[in-house]
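Visitor:
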Amino acid sequence: MADRGRTIEAPSTRAARAESGTWRLPEPVTGVLLLLPALLLLLLLTLYPVLYGAWISLFNKHSFFPEQSFVGVANYAAILSDVEFWASVRRGAVYSLTTIALQIVLGVGAAVLLNERFPGTNILRAIVIFPYVVPTVVAVIVWKWLLDSQFGLVNYVLQSTGVADHPISWMGRDWIMTSLILVSVWQFFPFVMIGVLARLQTIPLELYEAATVDGASALQRFWHVTLPQLKSVLFVIVLLRSIWMFTKFDTPWLMIQGGGAETYIRTLPVYTYLRTFAYYEAGLGSAMAVAMFMMLAAATAVYFRLWRRDESL
Amino acid sequence: MRTLSGIVALAVGAIFGTQVAAAEKIVRVWHTETEPQTIKAFNDIARRFEAKHPGVKIEAEGLAWGDLEGKIMASLAAGSPPELSHGQPITCTALQSKGLLLPLDDVVKSIGDANIWEQVRRVCNVGGKQYGLVHAAGTSLLIYRRDLAEKHGLKPPKTWADLVQAAKALTLDSNGDGRTDIYGISLPGDNLFINILLGELIKANGGQLFDNNNRPMLTDRKMIETLEFWRELARYAPPGWEGHGYLQTFQNLYGQKAAMMLAGYGRGAGMIEKFAPKDMANDKTFDVWVKPHGPSGSEPAAQVDEEPWMLFKEAKNTNEAVEFLKFFYQDDNYLEYIRTVPIHFFPITKSLRQSPAYRQTEMIQRWKGWLDAQEQYLEKDQGKPTLVVDWADMTDKPYLMEVLGSGILRDMVIDATVEKMEPQKAAEKAQKRLEDLMRSKGYLKR
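Read top to bottom, the protein sequences are chains U and E. Each residue of the first sequence is one higher than the last, beginning at 22 in the working numbering. Each residue of the second sequence is one higher than the last, beginning at 300 in the working numbering.
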């Protein structure tokens, strides 16, 4: 009873105090105190804006002026019945799924190729990473020049080689999504390549030797040895790239600056931006951002679940 | 000891320097003129002003059109707007309606009330006070290939039907390889210019965008006629026109891919001189026609590109900003500015327009017809700012900025032209979206 209300010290703390004769905080408390500044900063910079965004999604709020009124879930009801919202989700899904698939195919292919040793491998590896390190604004401007319907190099090559008999309007209705996908895949496949290449270099050679002894062809070795070994790294890559591509704003936005059939690549992030900064509807824009988050969270949960089921097999 | 003295001297110097910097009054100016020669002229004027006004510094920044409105709004939300900024006329009235601007009447007085074009005085003029003063005006123009039109015996189109016929006649296979290589008309596909053109066309067809109760009038017969006309005209535009921005519409013209340009501007004369083949870079090849009117309209209409200077109430050095504007509009300074894009920058002062120095500008003499056409639109009051159909819209419809930004009108035009949706259907779809927007903003009762 005499100990009630007193701090029970860990033996190590007691020993330390007895040894030095000075008072010290218990280790767990010290740990928490040391973590606290970083934790507070993290909460302030990450959690607060997210929660504030979710909060203002319940208001009819002007984006810049202090005009707002509480509307409850009306913004969510509005976006659910907004045809343009669903069209933008559809466009975003087409864009992200296509680019992810192509990035994976191209990234894995490039990684397998660059995993081989041949003269100039290192230089080639550096060159292939180049698109990923180019700032998006530069990449898009350069591609828009290349794809210019009248003076662009791409049309010139296509026409002079007889592939196309007339200039293609790369920024028009029929081709702008293709152009966007092309630019995005070019820009982001090196990310996949780097991740996969790193994993390829750690696959034990014995596995390939055993497969070769068993008479496996190159394709069979890739299918039965390489791909299973890449599974875990591809899991992370697909997850990250899916999130990044579905929320990608800068590339589609820059594609429509100064020309570009905006309607046909108005993905959800672009539409959210327009709602917030062109319609000046911060509340509705926030509701869209929250909806985007929910969709991604749901897709991620499904992805994890499928993966776990697959693992158990 | 010597080290200590050095440190003290440095500290004193730093403190003194900070005080000097603090004493300097900075006038921040945002403008939308990004051509190098205009930026240079503007900066030169600013330096001369600084020389005459010690302690005042002009910090000018040229911004792209698309970036400006958002940047202004963000600066206002942060409580640190620039002293002066360009903006769309409808932005000016929207900000004025929220009490964020100061009048520029002192500047008007210094220029001389009667010396300013009447059309310009109407921009962002609320209750007799001038809240926005146009830096220079330039009307939209119907530019055409005179050589081709003469070859095909075309006369100036009076009506939209005439224009469609002209576009059809000028859609050509010029090299005889069986494929069209010159299209009848260059049309803009980006949001701003579709809005500009729609505002202009609905006026030329005697219609309106909104009624007096702020209800959109997109399903009105006059709008349907406008969409039908647009759809017809688009048949003779280069494929993929919906992806063409402002510069590409000019590129089509001087690159000989299109024979006419409906949303052309005086700035195009400079591009033609720079990029068209030398023997074609003149007004004998590229001339202007007066714009035609619609079936329900009776007179032409043009859009006037006339961003007003706005003076922000919350800015720090508003008096210095007013002094700078007075200096800017002085004939010699203003002429220097106007001469940087002389066919697009129509001066707001009558005195400059009539001055020999201005008239003798070489480029003005070369493209005189283009300027005369603009003067006609201004004098006959046929030119209005973007989406303004009637001058009362400037004050009665402070939501036009949001309408422009939303892209709803652009989607309607794209639906009716590129998507081949029936104009009535496209209009109904846009009407619903626009009504929703107006309700959410509180301009339309639920």
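Built from N, CA and C at the ideal position, the CB exists for glycine as well. Owing to the predicted nature of the structure, the values given are computational and were not obtained by experimental measurement.
Compare the C-beta of E:HIS643 against all C-beta atoms of chain U and say whether one is closer than 8 Å.
Guide: So, not an interface residue.
Visitor: Need the endpoints of the alpha helix (DSSP H) that E:VAL687 sits in, please.
Guide: Counting along the chain, E:VAL687 falls outside any alpha helix (DSSP H), and DSSP gives it neither H nor E.
Visitor: Quick one: what's got a C-beta closer than 6 Å to E:ASP582's C-beta in the same chain, skipping five residues either side?
Guide: Hits under 6 Å: TRP666, GLY668.
Visitor: Could you tell me whether the Cβ atoms of E:PRO591 and E:ASP510 are closer together than 8 Å?
Guide: Not closer than 8 Å, so no.
Visitor: Between the stretch 155–187 of chain U and chain E, which residues of the former have a C-beta closer than 7 Å to a C-beta of the latter?
Guide: Cβ contacts with chain E: SER170, GLN171, HIS187.
Visitor: State buried or exposed for E:LEU686, treating a residue as buried only when at least 16 other CB atoms are found within 10 Å of its CB.
Guide: With 16 or more other Cβ atoms within 10 Å, it is buried.
Visitor: Is it buried or exposed, E:LEU500, if we count other Cβ atoms within 10 angstroms and call 16 or more buried?
Guide: Buried, by the Cβ-count rule.
Visitor: Skipping 5 residues on each side, what residues in its chain have a beta carbon closer than 6 Å to that of E:VAL433?
Guide: Excluding sequence neighbours, E:VAL433 sits near VAL419, VAL422, GLU605, PRO607, ILE647.
Visitor: So U:THR199 packs on U:ILE224, CB below 8 Å; how close in whole Å?
Guide: At roughly 35 Å, the Cβ-Cβ gap does not stay under 8 Å, so U:THR199 and U:ILE224 are not in contact.
Visitor: So, does the CB of E:SER385 fall closer than 8 Å to a CB anywhere in chain U?
Guide: Per the sequence shown, residue 385 of chain E should be read as His rather than Ser. Not an interface residue.
Visitor: Applying a beta-carbon distance threshold of less than 8 Å, which residues of chain E neighbour U:PHE85?
Guide: By Cβ distance, chain E contributes MET372, ALA373, LEU375, ALA376.
Visitor: Classify E:GLN659 as buried or exposed, calling it buried when 16 or more other Cβ atoms lie within 10 Å of its own Cβ.
Guide: Exposed, by the Cβ-count rule.
Visitor: Tell me whether the stretch 442–456 of chain E and the stretch 515–524 of chain E touch, counting them as touching only if at least three CB pairs, one residue from each stretch, are closer than 8 Å.
Guide: Result no; under three Cβ-Cβ pairs closer than 8 Å.
Visitor: Going residue by residue through the stretch 612–666 of chain E, where are the continuous alpha helix (DSSP H) segments of at least 4 residues, counting only ones entirely within it?
Guide: Entirely contained in the stretch 612–666 of chain E, the alpha helix (DSSP H) runs reaching 4 residues are, in chain order, 617–627, 630–637, 649–653, 655–658, 661–665.
Visitor: Pull up the distance between the alpha-carbon of U:ILE100 and that of E:ALA558, whole angstroms please.
Guide: Distance between the alpha carbons of U:ILE100 and E:ALA558: 43 Å.
Visitor: Which first and last residues belong to the beta strand (DSSP E) in which E:LEU440 is found?
Guide: Note, E:LEU440: beta strand (DSSP E), 440–444.
Visitor: Mind checking the stretch 554–569 of chain E against chain U and listing, in chain order, the residues whose C-beta falls within less than 8 Å of any C-beta there?
Guide: Cβ contacts with chain U come from GLY554, LYS556.
Visitor: Counting contacts by CB-CB distance shorter than 8 Å, is E:LYS397 in contact with chain U?
Guide: True, the Cβ-Cβ gap to chain U drops below 8 Å.
Visitor: Can you give the Cα-Cα distance for U:THR120 and U:ILE202, rounded to whole angstroms?
Guide: So the two alpha carbons sit approximately 6 Å from each other.
Visitor: Do you know offhand how far E:PRO380's Cα is from E:ALA614's?
Guide: Distance between the alpha carbons of E:PRO380 and E:ALA614 is about 6 Å.
Visitor: Using 7 Å as the cut-off, classify the Cβ of E:MET711 as near or not near the heavy atoms of the ligand MN, replying yes or no.
Guide: Because no ligand of any kind appears in the structure shown, any question about the ligand MN cannot be addressed here.
Visitor: Could you name the residues of the stretch 108–142 of chain U whose beta carbon sits closer than 9 Å to any beta carbon of chain E, in the order they occur along the chain?
Guide: Against chain E - using a Cβ distance shorter than 9 Å - the stretch 108–142 of chain U contributes no residues.
Visitor: Using a Cβ-Cβ distance cut-off of 8 Å, determine whether U:GLY93 contacts chain E.
Guide: No, no contact with chain E.
Visitor: For the beta strand (DSSP E) containing U:ARG138, name the first residue and the last one.
Guide: It is not in any beta strand (DSSP E) - U:ARG138 carries neither H nor E in the DSSP assignment.
Visitor: Report yes if the C-beta distance between E:LYS696 and E:SER409 is below 8 Å; otherwise report no.
Guide: Contact flag unset, no.
Visitor: Determine the burial state of E:GLN664: buried for a count of at least 16 other Cβ atoms within 10 Å of its Cβ, exposed for fewer.
Guide: The residue in question, E:GLN664, is exposed, as its Cβ has fewer than 16 Cβ neighbours within 10 Å.
Visitor: Taking C-beta to C-beta, are E:MET285 and E:THR390 nearer than 8 Å?
Guide: Nothing about residue 285 of chain E can be read from this structure; chain E reaches only from 300 to 745.
Visitor: Can you list the residues of chain U that E:ILE713 reaches, using a CB-CB cut of under 7 Å?
Guide: Neighbours of E:ILE713 on chain U, chain order: THR284.
Visitor: Of all the CB atoms in chain U, is at least one closer than 8 Å to the CB of E:GLN547?
Guide: E:GLN547 counts as touching chain U.
Visitor: In its own chain, which residues sit with a C-beta less than 7 Å from the C-beta of E:ARG478, not counting the 5 before and 5 after it?
Guide: So the list reads ASP472, once near-sequence residues are dropped.
Visitor: Of the residues E:GLN547, E:HIS385, E:GLN730, which one's Cα is nearest the Cα of E:THR331?
Guide: That would be E:HIS385, whose Cα lies nearest to the Cα of E:THR331.
Visitor: Please report the residue range of the beta strand (DSSP E) in which E:GLY704 lies.
Guide: That residue, E:GLY704, is in no beta strand (DSSP E); its alpha helix (DSSP H) goes 699–705.
Visitor: Give me the Cα-Cα distance between E:LEU743 and E:ALA373, rounded to the nearest whole angstrom.
Guide: Rounded to the nearest angstrom, the two C-alpha atoms are 26 Å apart.
Visitor: So U:SER78 contacts chain E; which residues on that side make the cut at Cβ distance below 7 Å?
Guide: Ordered by position in chain E, no residue passes the 7 Å Cβ test against U:SER78, which lies about 14 Å from the chain.
Visitor: Residues of the stretch 204–225 of chain U with a CB closer than 8 Å to any CB of chain E: list them in chain order, please.
Guide: Cβ contacts with chain E: none found.
Visitor: According to DSSP, simplified to helix, strand and coil, what is U:PHE314?
Guide: Looking at U:PHE314 - three-state DSSP - the assignment turns out to be helix.
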